[in-house]
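Single-structure report; data block below.
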Amino acid sequence: MQTMPLTSFRHKVSYLIAPTLLLSCAGLTIGLTYAPCYSSYCVEYFFPYYARIHIALFYGLLAAILLSLTARTWSFPLQRLSQWHVSEKHVPLAGKPLSGGAFLLSAVILGATFGSTAYWYDVQQRFWFDRGAMVDWTEHMFRLAWCSITGHWCDIWAGLVVIPVGRNSILGNTFNIHSSTLLLVHKLLAYGLFVFATIHGLFFFSWLDAYLKASTQVQGHFQTDNPAYSWEETDAMGYYYAFTLPIGLIAGWVLIPVMIITGLPWLRRKHYNAFYFTHIILAFLLIWALCVHSSTGFYFLLPGLVLWVADWLWRTQNSLYTKQEVQVEYAGNDWCRIRLPSDSKAAPSGSEKSLESGHLSEGSQKWVVPVSSSSPIATYYLNIGQISRLEAHPFSAVYSTASESGPVLLFQRGPAKKGDKKRDKEWTWKLSYLAHDAANSGQSLSLSARIEGPYHHHVPEMHAANHILLLVGGTGVTAALSVASWWAGKYSDSQPPTQRSLRLIWSTRGQADWQLQEVEELRRTVKECPNMELVLHDSTQAGRVDPQNALDDFLGPVACKSTSPALGCGASKSQKEGTAWTYVSGPEGLMKSAEAACVRQQISLRKASKAKPTGISNLTWYISDFNV
Numbered sequence: 001m002q003t004m005p006l007t008s009f010r011h012k013v014s015y016l017i018a019p020t021l022l023l024s025c026a027g028l029t030i031g032l033t034y035a036p037c038y039s040s041y042c043v044e045y046f047f048p049y050y051a052r053i054h055i056a057l058f059y060g061l062l063a064a065i066l067l068s069l070t071a072r073t074w075s076f077p078l079q080r081l082s083q084w085h086v087s088e089k090h091v092p093l094a095g096k097p098l099s100g101g102a103f104l105l106s107a108v109i110l111g112a113t114f115g116s117t118a119y120w121y122d123v124q125q126r127f128w129f130d131r132g133a134m135v136d137w138t139e140h141m142f143r144l145a146w147c148s149i150t151g152h153w154c155d156i157w158a159g160l161v162v163i164p165v166g167r168n169s170i171l172g173n174t175f176n177i178h179s180s181t182l183l184l185v186h187k188l189l190a191y192g193l194f195v196f197a198t199i200h201g202l203f204f205f206s207w208l209d210a211y212l213k214a215s216t217q218v219q220g221h222f223q224t225d226n227p228a229y230s231w232e233e234t235d236a237m238g239y240y241y242a243f244t245l246p247i248g249l250i251a252g253w254v255l256i257p258v259m260i261i262t263g264l265p266w267l268r269r270k271h272y273n274a275f276y277f278t279h280i281i282l283a284f285l286l287i288w289a290l291c292v293h294s295s296t297g298f299y300f301l302l303p304g305l306v307l308w309v310a311d312w313l314w315r316t317q318n319s320l321y322t323k324q325e326v327q328v329e330y331a332g333n334d335w336c337r338i339r340l341p342s343d344s345k346a347a348p349s350g351s352e353k354s355l356e357s358g359h360l361s362e363g364s365q366k367w368v369v370p371v372s373s374s375s376p377i378a379t380y381y382l383n384i385g386q387i388s389r390l391e392a393h394p395f396s397a398v399y400s401t402a403s404e405s406g407p408v409l410l411f412q413r414g415p416a417k418k419g420d421k422k423r424d425k426e427w428t429w430k431l432s433y434l435a436h437d438a439a440n441s442g443q444s445l446s447l448s449a450r451i452e453g454p455y456h457h458h459v460p461e462m463h464a465a466n467h468i469l470l471l472v473g474g475t476g477v478t479a480a481l482s483v484a485s486w487w488a489g490k491y492s493d494s495q496p497p498t499q500r501s502l503r504l505i506w507s508t509r510g511q512a513d514w515q516l517q518e519v520e521e522l523r524r525t526v527k528e529c530p531n532m533e534l535v536l537h538d539s540t541q542a543g544r545v546d547p548q549n550a551l552d553d554f555l556g557p558v559a560c561k562s563t564s565p566a567l568g569c570g571a572s573k574s575q576k577e578g579t580a581w582t583y584v585s586g587p588e589g590l591m592k593s594a595e596a597a598c599v600r601q602q603i604s605l606r607k608a609s610k611a612k613p614t615g616i617s618n619l620t621w622y623i624s625d626f627n628v
């Protein structure tokens, strides 16, 4: 496998952070097993050797994931394997097609989880059988053994779910992982943790049911809140050691379910602030509860806690506490434009050339995908105190790196509904009212805002692709305009359309949105670029865009399968060569159908490449979906 040195000292440091934190946390937790314990149930007191084996398994799992992500970042064959799909059908709960990377990650996590049973089973069975034998009551002790085993399953999943997946996490930045992917993994891990916590509790209560029917001698031998001790032992040591059951109930059957319910998509989208602050507050309570419940809770949560602190320190570098003046303009047809100061734009890092060198070389099937901090796809978070003191609203920058002036942010308030008074209190509606009033009075609107960002979305496949299709709907056009502007500045007339091309398809409800200033500027650019196309699609006249037809029309083959003028496809086209990349943003229905179409197209290209050496060799895509 070919390699390439990292392009900057910062990138070298970013790759050293994760293993350094991992080794430090592993060494610290192993050392803490020899120190005094302050949890209500100290695993290392009863099973010192197996507790350390359990810790080693967890950190070994993290190391395996870390090495896999590193290899995926730098090896094109492994990257393609991680994005390999068998079917476009969505997996239940995940709502996404199953990829090779998702399958391998699931197999590794589940293998480590259930594999821990191999060393816990015998020792737990012996421990609880011996406890029951003291009062000649061993019949039901296997339930406590399995309660302990499933509790250690929860250790692993709790340690994974607490790893931060925020807007600028070290994990996502270092390994080029999309935020929606991290959020999806976080959500599925939370579901799994809830299932294992429920099983853990059911085993305990099945034992408790038998315990309540037992003799007085048996009941006196087991403290119901912590059966590892008797009533006399907990009285002598203090009631702190009887917190195991109450804390476990609060964590597993109150905090986790509330966090999952408030995080459900339909509830989260309608009441995001309630979800966000509930999630943060309950997360702290859950971490505290797990640490009190069992000592292994803290040992497994430590890496996530350290990364969380590191992520917040990283956020302070993105103007988290700095206020700047932003200009807000009414752009017509309920669109608003926010102009950020010129110093809000990150300067290119110079590593874009390295990304361009990531093309497949002739006769080689390997490439290197270095990290870049220069990307036309960037997100800013704005907190405008006059609108809301708490809410920070996300925006995709229209010109994040291509413009000499400051970045431009666009948004359009949604359609009004009769009797919906809550609309007037929403962030975008309140700001649009201010912009509209300022425009009517002929005055400029300048507001003080905290600008967090830019957070660049590293997409090496975009830099390496020969052909780019931007399929967007509604306000999803913002980042697409930025990509088109970046592309026009680099490849406008360097090669014929068969070797390099870009098409932007923007679907809107009506044609009034087409008069947007940024769209008019792109129209003028397209007229001067023979290998660029801008297709404006009016869904009220031509119906919804079919992503499958859009892909077929753009990619070929020699004759288009569809000659729909709405998609800008003529009667015939020359065959395109090289690799293709698709960007999709807009309504949820468009993104889901487009992702399924991309998977189908990828499977078809993979089969066709065996028989046809020419034409498009590979398709990759980027779905700008942050609602999982």
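Using UniProt numbering, you'd call the opening residue of the sequence shown number 1 and step up by one each time. Glycine included, C-beta positions come from ideal geometry on N, C-alpha and C.
Checklist entry - Is DSSP giving His-445 helix, strand or coil here? => result Looking at the sequence shown, residue 445 is not His but Leu. Of the three classes helix, strand and coil, the one that applies to Leu-445 here is strand, per DSSP.
Checklist entry - Count the other CB atoms within 10 Å of the CB of Pro-565; is the residue buried (16 or more) or exposed (fewer)? => result In this prediction, Pro-565 has a pLDDT of 43, which is less than 50 and means its spatial position is unreliable; what the coordinates show is noted afterwards. With fewer than 16 other Cβ atoms from the protein chains shown falling within 10 Å of its own Cβ, Pro-565 counts as exposed.
Checklist entry - To the nearest whole angstrom, what separates the beta carbons of Ile-287 and Val-162, a pair I think is in contact under 8 Å? => result Yes, they are in contact, since the Cβ atoms of Ile-287 and Val-162 sit about 7 Å apart, within 8 Å.
Checklist entry - Is DSSP giving Thr-579 helix, strand or coil here? => result In this structure, DSSP gives Thr-579 an extended state, which the three-state scheme calls strand.
Checklist entry - According to DSSP, what are the bridge partners of His-456? => result Ala-378.
Checklist entry - Are at least three pairs of beta-carbons, each pair with one atom in the segment 37-49 and one in the segment 252-268, less than 8 Å apart? => result Taking a contact to require three or more Cβ pairs closer than 8 Å, the segment 37-49 and the segment 252-268 do not qualify as touching.
Item to check | Sequence ranges, alpha helix (DSSP H) only - wholly within the segment 518-563, length at least 4 | outcome: If we require 4 residues or more, the alpha helix (DSSP H) runs fully inside the segment 518-563 come out as 539-542 and 547-555.
Next on the checklist: Using C-beta distances below 7 Å, list every residue in its chain close to Trp-84, excluding the 5 sequence neighbours before and after it, in chain order.
Outcome noted: Excluding positions up to five away in sequence, the list reads Ser-99 and Gly-100.
Checklist entry - Leaving out five residues before and five after Thr-117 in sequence, what residues of the same chain have Cβ atoms less than 7 Å from its Cβ? => result For Thr-117, where only same-chain residues beyond five positions count, the Cβ hits under 7 Å are Ile-149.
Next on the checklist: How far does the alpha helix (DSSP H) with Ile-616 in it extend, from its first residue to its last?
Outcome noted: For Ile-616, no alpha helix (DSSP H) segment is defined; the enclosing uninterrupted segment is the beta strand (DSSP E) at 616-623.
Item to check | Rounded straight-line distance, which links the Cα of Gln-79 to that of Leu-301 | outcome: Using only the alpha carbons, I get a separation of about 29 Å.
Checklist entry - Mind checking Asn-168: buried by the 16 CB within 10 Å criterion, or exposed? => result Its Cβ being crowded by 16 or more others within 10 Å, Asn-168 is buried.
Next on the checklist: DSSP three-state label for Tyr-330, please.
Outcome noted: In the three-state DSSP reduction, Tyr-330 falls in the strand class (E or B).
Item to check | When Leu-104, Leu-93, Leu-81 and Leu-249 are compared against Leu-61, the one with the closest alpha-carbon | outcome: The option with the nearest alpha carbon to Leu-61 is Leu-104.
Item to check | Given residue 712 as reference, the closest of Tyr-34, Thr-70, Asn-226 and Trp-581 once Cα atoms are compared | outcome: It is not possible to answer for residue 712, since the shown part of the chain is limited to 1 through 628.
Next on the checklist: Would Ser-39 and Val-292 be called neighbours here (beta carbons separated by less than 8 Å)?
Outcome noted: Yes, the Cβ-Cβ distance between Ser-39 and Val-292 is below 8 Å.
Checklist entry - Given that a residue counts as buried once 16 or more other Cβ atoms are within 10 Å of its Cβ, and exposed if not, what is Leu-355? => result In this prediction, Leu-355 scores a pLDDT of 45, lower than 50, which makes its location untrustworthy; the coordinate-derived value is nonetheless stated afterwards. Classification of Leu-355: buried, given that the 10 Å Cβ count is 16 or more.
Checklist entry - Between the C-alpha atoms of Ser-478 and Leu-522, what's the straight-line distance to the nearest angstrom? => result Residue identity differs from the one stated: residue 478 is Thr in this sequence, not Ser. C-alpha separation (whole angstroms): 12 Å.
Next on the checklist: Taking the straight line between their C-alpha atoms, what separation do you get for Phe-127 and Tyr-119?
Outcome noted: Pairing Phe-127 with Tyr-119, the inter-Cα distance amounts to about 13 Å.
Item to check | Buried versus exposed, by CB contacts within 10 Å (16 or more), Leu-28 | outcome: In this structure Leu-28 is exposed. Its beta-carbon is surrounded by fewer than 16 other beta-carbon atoms within 10 angstroms.
Next on the checklist: Could you check whether the segment 475-489 touches the segment 374-387, counting it as contact only if at least three pairs of C-beta atoms, one from each stretch, sit closer than 8 Å?
Outcome noted: A contact exists between the segment 475-489 and the segment 374-387.
Checklist entry - So, is residue 635 buried or exposed, given that buried needs 16 or more other C-beta atoms within 10 angstroms? => result An answer regarding residue 635 cannot be provided, because it is not within the stretch 1 to 628 covered by the chain.
Checklist entry - Can you give the Cα-Cα distance for Arg-450 and Tyr-381, rounded to whole angstroms? => result The alpha-carbon atoms of Arg-450 and Tyr-381 are separated by roughly 8 Å.
Next on the checklist: At 4 residues or longer, what runs of the alpha helix (DSSP H) sit wholly inside the segment 73-135?
Outcome noted: Counting whole runs of 4 or more residues, the segment 73-135 contains the alpha helix (DSSP H) stretches 76-82, 100-115 and 117-133.
Checklist entry - Apart from the five residues just before and just after Trp-487, which ones in its own chain have a Cβ nearer than 7 Å to its Cβ? => result Here the set comprises Ile-468 and Leu-502.
Checklist entry - How about Ala-597 and Gln-548: are their beta carbons less than 8 Å apart? => result Against a cut-off of 8 Å, the Cβ pair of Gln-548 and Ala-597 comes out as a contact.
Item to check | Same chain, Cβ closer than 8 Å to Lys-323, five either side skipped, listed in chain order | outcome: Ser-448, Ala-449 and Arg-450, listed in sequence order.
Item to check | Inter-stretch contact at 8 Å, needing at least 3 Cβ pairs: the segment 382-397 / the segment 408-415 | outcome: Judged by Cβ distances under 8 Å, the segment 382-397 makes contact with the segment 408-415, as three or more pairs qualify.
Checklist entry - Given a threshold of 16 other Cβ atoms within 10 Å of its Cβ, counted over all protein chains shown, does Trp-312 qualify as buried or as exposed? => result Trp-312 comes out exposed.
Checklist entry - Quick one: is Ser-364 buried, meaning 16 or more other Cβ sit within 10 Å of its Cβ, or exposed? => result Because the pLDDT at Ser-364 is just 32, under 50, the model does not fix this residue reliably, and the value given afterwards should be weighed accordingly. Flag for Ser-364 reads exposed.
Next on the checklist: From the DSSP secondary-structure annotation, give me the bridge partner or partners of Arg-383.
Outcome noted: The sequence given here places Asn at residue 383; Arg does not occur at that position. According to DSSP, Asn-383 shares a beta bridge with Arg-450.
Checklist entry - If you draw a straight line from the C-alpha of Leu-264 to the C-alpha of Trp-314, how long is it? => result Between the alpha carbons of Leu-264 and Trp-314 lies a distance of about 28 Å.
Checklist entry - Is Pro-19 helix, strand or coil by DSSP? => result Per DSSP, reduced to three states, the secondary structure at Pro-19 is helical.
Next on the checklist: Checking the sheet assignment: what are the DSSP bridge partners for Ser-396?
Outcome noted: Ser-396 pairs with Thr-379.
Checklist entry - Exposed or buried, what is Gly-350 when buried is set at 16 or more other beta-carbons lying within 10 Å of its beta-carbon? => result For Gly-350, the predicted structure reports a pLDDT of 40, less than 50, and the residue's modelled location is therefore unreliable. A value from the coordinates is still provided. Per the 10 Å Cβ criterion, exposed.
Checklist entry - In terms of alpha-carbon separation, which member of Ala-64, Val-108, Ala-465 and Ala-112 lies closest to His-54? => result The option with the nearest alpha carbon to His-54 is Ala-112.
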